[in-house]
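Participant: Quick note, the sequences are listed as chains A and B, same order.
So for the first sequence, our numbering puts the first residue at 1; every next one is plus one.
So for the second sequence, our numbering puts the first residue at 1; every next one is plus one.
Glycine included, every Cβ here is placed at the ideal spot set by N, Cα and C.
Note that this is a predicted model, so its numbers are computed, not measured.
Protein chains: 2
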Amino acid sequence: MQRTSFARQQCPVARSLDCVGEWWSIVILRDAFHGLSRFEEFQESLGISSNMLSRRLKALVKSGLLQRRAYQQRPTRYAYLLTPRGRDFLPVILALLAWGNRHLATEGIAVEVRDRLTGQLLDPIVVDRGTLRHLTTATISLAAGPAAGPGVRARMARVASHRRDVRLPAGPGNRALRLPKRAKH
Amino acid sequence: MQRTSFARQQCPVARSLDCVGEWWSIVILRDAFHGLSRFEEFQESLGISSNMLSRRLKALVKSGLLQRRAYQQRPTRYAYLLTPRGRDFLPVILALLAWGNRHLATEGIAVEVRDRLTGQLLDPIVVDRGTLRHLTTATISLAAGPAAGPGVRARMARVASHRRDVRLPAGPGNRALRLPKRAKH
């Protein structure tokens with residue numbers, strides 16, 4: 001349970017991780033993107049305990065990624081469906097899938113992304129919405145936004161200083177250039 | 001520690017999660033994309049215990065996302081640098097960041113993605129590399145690849161059956177259409 005650790009961070013990456021909850025939640029979302037919606041379906045697919053699955057589904061409903069809807073009365077049974085916020089999580093799943101296929105599929109590709117209508121094989125990459133330029137470590141940087149608090153601004157400043165520091169040639173003399181410790185945030 | 005749970009799964013999403021390790025590892029990678037590389041820098045930025053940070057850095061080196069390089073002798077000090085595999089993880093970070101900014105930045109945007117040279121604000125989306133078409137739940141589906149084992153194929157078949165099932169009008173009569181339990185994989 002790393003949830004509480006990230007709760008107060010302003011960084012959107014940490015917040016997203018905090019909102020989703022944990023590894024299991026991402027695999028549940030993957031199955032929801034596949035089209036599964038019922039408790040038994042998730043359990044069958046994941047081989048996960050009822051308790052754990054129940055906790056994760058409740059958390060995903062609470063954080064607004066899934067919505068619960070009764071599909072049967074007497075006894076009432078619920079389907080768990082992706083909300084617009086949940087559907088919008090697809091890029092994270094696709095990025096994880098593409099990375100896994102590229103770096104970890106030692107015996108070949110087990111799951112691939114295809115066009116729903118034509119069946120054409122797709123290769124997910126991240127681009128800028130406006131220019132469609134491919135975003136890589138060479139072309140982008142992370143910057144403080146308009147609502148950045150002192151914590152985020154301090155990290156950005158620290159990063160800028162460290163970058164200058166890193167560019168200096170290595171040597172014992174450079175130790176003095178290391179920044180003094182700052183308060184944690 | 002959910003690591004072992006996903007280790008034997010063939011799904012590339014589960015494998016990626018297994019390879020990265022846990023939430024903290026993703027935040028360490030985020031800081032590495034910022035340009036941080038030294039133990040003290042990560043610790044300062046994350047406010048994480050030495051033990052935990054040491055474990056996570058070792059795991060990220062072992063799984064090939066970071067490499068350790070001595071930047072100073074007597075005492076030896078190491079920098080942790082992104083490998084090509086690590087740099088290729090950027091799309092996951094950008095997808096998490098974009099989702100967090102869209103859905104969780106209640107007080108405004110704290111961290112944004114900018115062009116490294118021009119400073120232009122960027123909006124990361126996932127498209128197909130060949131056609132540059134935006135990939136959404138409406139346009140894609142996940143399919144079994146050439147190396148899919150019986151486990152993945154069974155899940156895909158189950159998903160296809162469930163989809164047909166879900167399209168039927170709700171009603172008590174439909175209970176008989178639910179699929180029998182299959183062996184977990």
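Do S45 (chain A) and L36 (chain A) have their beta-carbon atoms positioned less than 9 Å apart in this structure?
Facilitator: Counting from 1 along the first sequence, the entry for residue 36 (chain A) is found at position 36. Counting from 1 along the first sequence, the entry for residue 45 (chain A) is found at position 45. Yes.
Participant: Determine the extent of the beta strand (DSSP E) in which A105 (chain B) is found, giving its start and end residues.
Facilitator: As a working note, residue 105 (chain B) is residue 105 in the second sequence. Run containing A105 (chain B): none; DSSP gives neither H nor E here.
Participant: Using three-state DSSP, classify D93 (chain A) as helix, strand or coil.
Facilitator: Stepping through the first sequence from its first residue, residue 93 (chain A) is reached at position 93. Reading off the sequence shown, one finds Ile at residue 93 (chain A), where the question assumed Asp. Residue state, collapsed to three classes: helix.
Participant: With a cut-off of 9 Å, does the C-beta of A59 (chain A) fall near any C-beta of chain B?
Facilitator: Along the first sequence, one-based indexing puts residue 59 (chain A) at 59. Taking 9 Å as the CB threshold, A59 (chain A) stays off the interface with chain B.
Participant: Hey, could you find the ends of the alpha helix (DSSP H) I26 (chain A) is sitting in?
Facilitator: The residue given as residue 26 (chain A) occupies position 26 in the first sequence. Per DSSP, I26 (chain A) belongs to the alpha helix (DSSP H) from 23 to 34.
Participant: With DSSP collapsed to three states, give me the class of P12 (chain A).
Facilitator: The residue you call residue 12 (chain A) lines up with position 12 of the first sequence. Looking at P12 (chain A) - three-state DSSP - the assignment turns out to be helix.
Participant: Below 8 Å on C-beta distance, what does S161 (chain B) contact in chain A?
Facilitator: Against the second sequence, residue 161 (chain B) aligns to sequence position 161. Per Cβ cutoff of 8 Å: no residues; S161 (chain B) is ~10 Å from chain A at best.
Participant: Just to confirm before moving on: does the CB-CB distance between T139 (chain A) and R87 (chain B) stay below 9 Å?
Facilitator: Residue numbering aside, residue 139 (chain A) sits at position 139 when the first sequence is read from its first letter. Residue numbering aside, residue 87 (chain B) sits at position 87 when the second sequence is read from its first letter. Inclusion of T139 (chain A) and R87 (chain B) in the CB contact set at 9 Å is not warranted, their separation being larger than that value.
Participant: Going by C-alpha to C-alpha distance, which of A:A157, A:A143, A:P84 sits closest to R116 (chain B)?
Facilitator: Taking the second sequence and counting its residues from 1, one reaches residue 116 (chain B) at position 116. Closest option to R116 (chain B), Cα to Cα, is A:A143.
Participant: Near R30 (chain B), which residues of its chain fall below 6 Å by C-beta distance, leaving aside the five closest residues on each side in sequence?
Facilitator: In the second sequence, residue 30 (chain B) corresponds to position 30, counting from 1. So the list reads I93, once near-sequence residues are dropped.
Participant: Hey, would you say G100 (chain B) sits closer than 9 Å to P12 (chain A), going by beta carbons?
Facilitator: Here residue 100 (chain B) refers to the residue found at position 100 of the second sequence. Here residue 12 (chain A) refers to the residue found at position 12 of the first sequence. For G100 (chain B) and P12 (chain A), yes; Cβs fall inside 9 Å.
Participant: Thinking just about the alpha-carbon of each residue, which of A:L82, A:E41, A:M52 is nearest to the one in W23 (chain A)?
Facilitator: Locating residue 23 (chain A) in the first sequence gives position 23, where the first residue counts as 1. Measuring from the Cα of W23 (chain A), the nearest candidate turns out to be A:M52.
Participant: How many angstroms separate the CA atom of V113 (chain A) from the CA atom of A148 (chain B)?
Facilitator: Numbered from its first residue, the first sequence carries residue 113 (chain A) at position 113. Numbered from its first residue, the second sequence carries residue 148 (chain B) at position 148. So the two alpha carbons sit approximately 13 Å from each other.
Participant: Quick one: grab the DSSP three-state call for S50 (chain B).
Facilitator: Taking the first residue of the second sequence as 1, we reach residue 50 (chain B) at position 50. Note: S50 (chain B) maps to helix in three-state DSSP.
Participant: Among residues of its own chain, excluding the 5 on either side of A95 (chain A), which ones have a beta-carbon nearer than 8 Å to its beta-carbon?
Facilitator: Position 95 of the first sequence, counted from the start, is the residue given in the question as residue 95 (chain A). Closer than 8 Å at Cβ, skipping near neighbours: P124, V126.
Participant: Sort A:R74, A:A154, A:Y80, A:Y71 by Cα distance to K62 (chain A) and report the nearest one.
Facilitator: Looking up residue 62 (chain A) in the first sequence gives position 62. Ranked by Cα distance from K62 (chain A), the options A:R74, A:A154, A:Y80, A:Y71 are led by A:Y80.
Participant: Run through chain B and tell me which residues come within less than 8 Å of L135 (chain A), C-beta to C-beta.
Facilitator: Here the question's residue 135 (chain A) lines up with position 135 in the first sequence. In chain order: L90, P91, L94, V113, L122, P124.
Participant: Hey, does K184 (chain B) have any beta-carbon neighbour from chain A nearer than 9 Å?
Facilitator: One-based indexing of the second sequence puts residue 184 (chain B) at position 184. In this prediction, K184 (chain B) has a pLDDT of 41, which is less than 50 and means its spatial position is unreliable; what the coordinates show is noted afterwards. So, interface residue.
Participant: Counting contacts by CB-CB distance shorter than 9 Å, is N51 (chain A) in contact with chain B?
Facilitator: For the purposes of this step, residue 51 (chain A) is taken as the residue at position 51 of the first sequence. Residue contact with chain B for N51 (chain A): absent (no Cβ-Cβ distance below 9 Å to any residue of chain B).
Participant: Measure how close the beta-carbons of R85 (chain B) and G64 (chain B) come, nearest whole angstrom, since I'm counting them as under 8 Å.
Facilitator: Position 85 of the second sequence, counting from 1, holds the residue named residue 85 (chain B). Position 64 of the second sequence, counting from 1, holds the residue named residue 64 (chain B). That pair is a contact at about 5 Å.
Participant: Short of 8 Å in beta carbon distance, which residues of its chain neighbour E41 (chain A), apart from the five on each side in sequence? Order them along the chain.
Facilitator: Locating residue 41 (chain A) in the first sequence gives position 41, where the first residue counts as 1. Exclusion of the five residues before and after E41 (chain A) leaves D31 as the residues of its chain whose Cβ lies within less than 8 Å of its Cβ.
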